[in-house]
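Data first, discussion second: the structure below is written as structure tokens.
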Amino acid sequence: MKVAFFPGCMVDMFYPEIGIAAVNVLERLGCSVEMPEEQVCCGQGLLNSGYAKETIPVAKNILDAYDLDQYETIVSLTGSCMNAIINDYPTVLDDVEYLHKVERIRPRMFEFTDFIVNQLHTTDVGASFHHKVTYHKSCHVTRFLGIEEAPLQLLKAVEGLEYIEMVHAERCCGFGGTFSFKEPEISAEIVKEKCETIIETGADVVCGADVPCLMNIKGALARLRTQGAVDRDIRVMHIAQILDARE
Amino acid sequence: MAILYDTEQSLRERAAKCIEDDFKHQAIQTAQETFYQKRKALVEEEPDWQGLRTTAMDIRDHVAKNLDYYVKQFAENASNHGVNVHFASTGTQALWEALDIFENHGAFKAVKSKSMMTEEIGLNHVLEEAGVEVIETDCAENILQTAGDMPSHIVVPALHHTRDDIAELYRKKCGYDGDNVPEHITHFLREMLRPEFLSAQVGIRGCNLAVAETGSVTLVTNEGNGRMVDTYPPVQVVFVGIDRIVPTLESLDIFMALLPKSAVGSKMTAYFSVDTGARRDGELDGPAEVHYIIMDNGRHKLLDTEFEPMMRCVRCGACLNICPVYRHISGHGYGSIYPGPMGIVLTPELVGYGDANAKAMTFACTLCGACSEHCPVRIPIHDLVRDHRIEIVDTGKNNKVEVPIFKAMQAMWSSSPLYMALMRLGRPVMNILTRGGSSLDERSAWIPVLGSWTSSRDFDVIAPYRFRTWLAEHNAARAEECKREDGGQDQKGGA
Chain A
7 MKVAFFPGCM VDMFYPEIGI AAVNVLERLG CSVEMPEEQV CCGQGLLNSG YAKETIPVAK
67 NILDAYDLDQ YETIVSLTGS CMNAIINDYP TVLDDVEYLH KVERIRPRMF EFTDFIVNQL
127 HTTDVGASFH HKVTYHKSCH VTRFLGIEEA PLQLLKAVEG LEYIEMVHAE RCCGFGGTFS
187 FKEPEISAEI VKEKCETIIE TGADVVCGAD VPCLMNIKGA LARLRTQGAV DRDIRVMHIA
247 QILDARE
Chain B
8 MAILYDTEQS LRERAAKCIE DDFKHQAIQT AQETFYQKRK ALVEEEPDWQ GLRTTAMDIR
68 DHVAKNLDYY VKQFAENASN HGVNVHFAST GTQALWEALD IFENHGAFKA VKSKSMMTEE
128 IGLNHVLEEA GVEVIETDCA ENILQTAGDM PSHIVVPALH HTRDDIAELY RKKCGYDGDN
188 VPEHITHFLR EMLRPEFLSA QVGIRGCNLA VAETGSVTLV TNEGNGRMVD TYPPVQVVFV
248 GIDRIVPTLE SLDIFMALLP KSAVGSKMTA YFSVDTGARR DGELDGPAEV HYIIMDNGRH
308 KLLDTEFEPM MRCVRCGACL NICPVYRHIS GHGYGSIYPG PMGIVLTPEL VGYGDANAKA
368 MTFACTLCGA CSEHCPVRIP IHDLVRDHRI EIVDTGKNNK VEVPIFKAMQ AMWSSSPLYM
428 ALMRLGRPVM NILTRGGSSL DERSAWIPVL GSWTSSRDFD VIAPYRFRTW LAEHNAARAE
488 ECKREDGGQD QKGGA
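Going down the list, the protein sequences come from chains A and B.
Letter by letter, the first sequence follows residues 7 to 253 of my numbering.
Letter by letter, the second sequence follows residues 8 to 502 of my numbering.
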């Protein structure tokens, strides 16, 4: 199956290894993965900061990048960006042609874990990962896209993986895009609490399906480790990396 | 302006104080957890919670769309039951109406049950200036009044006080000589307040929901003080917001199924009063004279705008109880009597973006959407928070310093070649800043903008290569491989 890939700009900028892991998994499941080079970012950082007009060219760039006559399936690696495209774009776009494009994209765009479980009808992707893992139920994947079961089904099917649920797994990590820069003290407090709930599980890996949250959690856990507030290294991984693992 | 009560400090300064206040911090977290668990259990046992929410939303939207009709119906039916109805389009008008009533009766003492509308217009202060003694009879409000403190929650306003400091407060200010056992403190309050109920000439109260078909006002309380306020004093003044109306007693039932569960995680409250009109001939209790002050105070501005769904709000506080930001900065961090998610939406509507604090509130939100999910009347709260941000930019009230940054983002994110060029430029800069490492640590806290992040957590920098470059090479290699395999097969076929 040919799929168009939408990694989210943070994968492209900061974490190419997450994108590579996802491509490996998808290819193993029989997909060929393509990505139009014109696509950059969904623009939600602008929109959520109130810059709706500035979001429009960014949104149009994304909508133009994916040739819908060529691609019947688009797989998104980041829940929040996908939510921006399918749910937020209609609120900012003023152009019928582009609104129509959003309507065409919506039914063919799938979040990575949802795609594997509900489109490829697979839960065991052949990964093995002998670690204790907890999963951050990010707001956009869980609450906005309503995807709760798929990531857990995938994790639980990984050989050797011991899943431990953290308390209030669905609580926000405190990133909030520009919120983390505009109100850093509050953001830091929220992510500190998220880290505490992760540490409490005793897991040695925390994973998620939304890259921005992972960046936030990773940064906070690293700082806590330097400060000696946590006595072990806790790896922060995208679920795609676990599904690609053999360890 | 009584909605925003702290004009001296910025939101950031207030938030920092709340975060540092370990006790307040812990109190809010414990309260949120209790409300969360209690509410969750009740919602799970409700056969059609989502259906109830939708019905409630539809009813409230219907009223908002036909507000003139329902305000008129409510007022007429109240009049028919002997209520003196006053209309106030502003808070100041409402205050004048209230002062007139006190003056006409020569009243100098009032007992009061908790009311957000009176907080909103600063009624206590004005009455006290006019020589009226106003006694808050709700336990939490009495604590705040005695302490000279501000509410930190719309439903449980003294959430940030402990039994120890409450006992100490009453020892110092009111001659209490007991311990910190809540029952002992409330017993003391009960004895202290009883003579006030009996001697007050006027009872002042708010109204949770108003019923148009009967002209009734309701009170949902747990302490019984509300019922004392609305039955003992001979004159009663009820403050009713125009956004409190439900059409019928039957529809009121829907809201009573949602409100206590959403507010405090209880099936119902200890007291629920539906009051219709003044005392009739032959009745033994109730006020002889009832006044409704029906207030707009900026609410009509929400109608026919994207903010109209806020007219559904039943002031249950469910959004505060689930909010990750409220959890850490409490109501005091926002500096508005309407804090938390609902406060972020409502406050700027009532006071305007001209106020720096109201504007700052709209950014104290991660847009996580937990509030919208918990709202019993389905207000898309987080969407409305973002709508405020959009309107702030659209009306030119944004911080001009940030504009070039967002314009640069717009340019970079809408052009792949420009994005790639900037990535090539950015990488060596990041290398210098990280001293060759992969992330920025606390030593980078001096960097403008980025420093606000790195002062509390590490920041991973731009990777040495782009994912898109890898994928292009990967797919090219795969294509090459396929070609070779095909070629090999061709050769085999030829052989």
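Using N, Cα and C, we set each Cβ at its ideal position, and we do this for glycine too.
Item	Value
How would you list, in chain order, the residues of chain B whose beta-carbon sits under 7 Å from the beta-carbon of Met-243 of chain A?	By Cβ distance, chain B contributes nothing, its closest Cβ being about 13 Å from Met-243 of chain A, past 7 Å.
Quick one: give me the first and last residue of the alpha helix (DSSP H) that Ala-363 of chain B is part of.	363-368
In this structure, how does DSSP classify Tyr-104 of chain A when only helix, strand and coil are distinguished?	helix
When the Cα atoms are used, what is the spatial distance from Ala-154 of chain B to Lys-31 of chain B?	16 Å
Could you pull the start and end residues of the beta strand (DSSP E) that His-214 of chain A belongs to?	Note that residue 214 of chain A corresponds to Gly in the displayed sequence, not to His. Start and end: 211-214.
Is it right to say Gly-501 of chain B is buried, meaning 16 or more other beta carbons lie within 10 angstroms of its own, or is it exposed?	Caution is warranted here: a pLDDT of 43 is assigned to Gly-501 of chain B, below 50, making its placement in the model unreliable, and the coordinate value is therefore given only provisionally. The residue is exposed, with fewer than 16 neighbouring Cβ atoms inside 10 Å.
How long is the line joining the alpha carbons of Glu-202 of chain A and Val-139 of chain A, rounded to whole angstroms?	15 Å
Starting from the beta carbon of Pro-63 of chain A, find every residue of chain B whose beta carbon is closer than 8 Å, and list them in chain order.	Gln-417 and Ser-421
Looking at chain A, which residues of the stretch 91-102 of chain B have a Cβ within less than 9 Å of any of its Cβ atoms?	none
Is the stretch 121-133 of chain A touching the stretch 238-247 of chain A, taking contact as three or more C-beta pairs under 8 Å?	no
Output needed in chain order: residues of the stretch 452-468 of chain B with a Cβ under 7 Å from some Cβ in chain A.	Val-456, Ser-459, Trp-460, Ser-462, Ser-463, Arg-464, Asp-465, Phe-466 and Asp-467
I need the DSSP call for Gly-210 of chain B, collapsed to helix, strand or coil.	strand
Compute the distance between the beta-carbons of Pro-1 of chain A and Ala-71 of chain A, then report whether it is under 7 Å.	The question about residue 1 of chain A has no answer, for chain A in this structure spans 7 to 253.
Work out the CA separation of Ala-174 of chain B and Glu-190 of chain B for me, nearest whole Å.	11 Å
Name the DSSP bridge partner or partners of Tyr-278 of chain B?	B:Thr-228
Does any residue of chain C bring its CB to less than 7 Å from the CB of Val-400 of chain B?	As a matter of chain content, chain C is missing from the structure shown, whose protein chains are A and B.
Take Lys-274 of chain B and list the residues in its own chain whose beta-carbon comes closer than 8 Å to its own, dropping the five residues that flank it on each side.	Leu-49, Pro-267 and Lys-268
Tell me whether the beta-carbon of Leu-309 of chain B lies closer than 7 Å to the beta-carbon of Glu-356 of chain B.	yes
Report the three-state DSSP secondary structure of Ser-17 of chain B (helix, strand or coil).	coil
Which stretch, first to last residue, makes up the beta strand (DSSP E) that contains Ser-38 of chain A?	38-40
With a cut-off of 8 Å on the beta carbons, I'd call Phe-474 of chain B and Gly-25 of chain A a contact; round off their distance for me.	4 Å
By a C-beta neighbour count over all protein chains shown, 10 Å radius and 16 as the cutoff for buried, is His-132 of chain B buried or exposed?	exposed
Counting only the same chain and skipping the five closest in sequence on each side, list residues whose C-beta sits under 8 Å from that of Ile-170 of chain A.	Lys-138, Val-139, Thr-140, Thr-207, Gly-208 and Ala-209
Could you check which residue in B:Tyr-472, B:Gly-350, B:Thr-373 and B:Tyr-426 has the C-alpha nearest to that of Glu-191 of chain A?	B:Thr-373
Could you give the distance in angstroms between the alpha-carbon of Ile-122 of chain A and the alpha-carbon of Ala-428 of chain B?	34 Å
Note down, one range per segment and in chain order, each alpha helix (DSSP H) of at least 4 residues found wholly within the stretch 408-446 of chain B.	410-420 and 423-440
Since I believe Leu-265 of chain B is in contact with Pro-348 of chain B (beta carbons under 8 Å), could you give me their beta-carbon distance rounded to a whole number of angstroms?	In fact, because the Cβ distance is near 17 Å, the residues do not count as touching under 8 Å.
Per DSSP, what kind of secondary structure is Glu-189 of chain A in: helix, strand or coil?	coil
Relative to the C-alpha of Ile-531 of chain B, which residue among B:Thr-61, B:Ala-9, B:Ala-63 and B:Phe-94 is closest?	What the structure shows of chain B is the stretch from 8 to 502, and residue 531 of chain B is not part of that stretch, so it cannot be assessed.
Can you tell me whether Thr-153 of chain B is helix, strand or coil according to DSSP?	helix
Let me check understanding here. Comparing Cα to Cα, which of A:Lys-188, A:Ala-228, A:Arg-238 and A:Val-212 lies closest to Val-456 of chain B?	A:Lys-188
Within its chain, find whatever has a CB closer than 8 Å to the CB of Tyr-426 of chain B; leave out the 5 residues flanking it on each side and keep chain order.	Met-419 and Trp-420
Give the interface partners of Met-349 of chain B over in chain A, defined as CB-CB distance under 9 Å, in chain order.	Per Cβ cutoff of 9 Å: no residues; Met-349 of chain B is ~17 Å from chain A at best.
Identify the continuous alpha helix (DSSP H) that holds Gln-33 of chain B and give its terminal residues.	29-52
Cβ closer than 8 Å: which chain A residues qualify as neighbours of Trp-477 of chain B?	Pro-22, Gly-25 and Ile-26
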